[in-house]
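**Student:** Numbering (the UniProt record's numbering), first residue to last: 1 to 284. Ideal Cβ placement from N, Cα and C applies to all residues, glycine included.
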């Protein structure tokens, strides 16, 4: 009974393993399973980013606390050779900010008859940053509505039909809101169900669809009623907010924290991806 190392952990002792790209590991405390996508230094420490099979990514401190094929490992920084391999792999199969495989050497397609409509400039800039490459390949143009108050009129003016689909992204689409009532009325317009799809997200503003961790928060602050939401957010961040130029500059700073789809909330991702699929469906 006492033969061997009786003090050894049941799963064995942890062994060092370089956190090389595509290595699939499990983080013990959370049970998160994902492939290594990158290792970077943040806040004076190395962190490893793991992407699960749904394309979601989380960061964990590099070191002990991981399993590979059920065996405990201590993740270490990747070697120079693995870094070179990663660079070669990225060159061979790079991805766009939306996570899709980048198509090299293909010119933007002539604009199709279908369109995606968003409420305002900030929405359009965010969609462009993350999905712009994909939309250009598909020939899909993003249009601004300047709000949804006249959504029914905008749809009528667009004249959707075969070969001319219309996808609409609405902010703050939650039950009981003004936006929900407007969308319900628009969806009731006769003869449009095949050619118009209206989706949304629950956030007060598209700013809020950016993961709060990108701004150093665990969650977005709750702004008291009677205070402009964007002004309140800028105040929480300690940024200037007295003029429209200040608000525009604040959005640029927030947008600058977005690198890929992984920096956005899943609800927005799902809506935009579905709208893109809808307006680019073959034979639509």
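1) From residue 175 to residue 195, what does the alpha carbon distance come to, in whole angstroms?
2) Would residue 179 and residue 148 qualify as a contact pair, given that the criterion is a beta-carbon distance under 8 Å?
3) Excluding five sequence neighbours on each side, which residues of the same chain lie with their C-beta closer than 7 Å to the C-beta of residue 185?
4) Which residues in the same chain have their Cβ closer than 7 Å to the Cβ of residue 165, if we skip the five residues on either side of it in sequence?
5) Locate the beta strand (DSSP E) running through residue 38, then write down its first and last residues.
6) Does the distance from the C-beta atom of residue 47 to that of residue 59 stay below 8 Å?
7) Using 8 Å as the Cβ pair cut-off and three pairs as the minimum, do the stretch 226–239 and the stretch 248–259 touch?
8) So, with DSSP's three-state summary, where would you put residue 272?
9) Could you check which residue in 22, 146, 239, 51 has the C-alpha nearest to that of residue 263?
10) Since residue 187 contacts residue 198 with CB under 8 Å, what's their CB separation in whole angstroms?
11) Measure from the alpha carbon of residue 155 to the alpha carbon of each residue in 163, 162, 167, then state which is nearest.
12) Compute the Euclidean distance between the alpha carbons of residue 139 and residue 112, then round it to the nearest angstrom.
13) Can you have a look at residue 157 and say buried or exposed, based on whether 16 or more other CB atoms are within 10 angstroms of its CB?
14) Could I get the ranges of all uninterrupted beta strand (DSSP E) runs contained in the stretch 160–204, with 3 residues as the minimum, in chain order?
15) Quick one, which of 65, 215, 205, 214 has its alpha-carbon nearest residue 228's?
16) Quick check on DSSP: helix, strand or coil for residue 23?
17) How is the alpha helix (DSSP H) around residue 127 delimited, first residue to last?
**Tutor:** This is what the structure holds:
1) 24 Å
2) yes
3) 152
4) 114, 195, 278, 279, 284
5) 33–42
6) yes
7) yes
8) helix
9) 51
10) 6 Å
11) 167
12) 5 Å
13) exposed
14) 166–170, 196–200
15) 205
16) coil
17) 121–138
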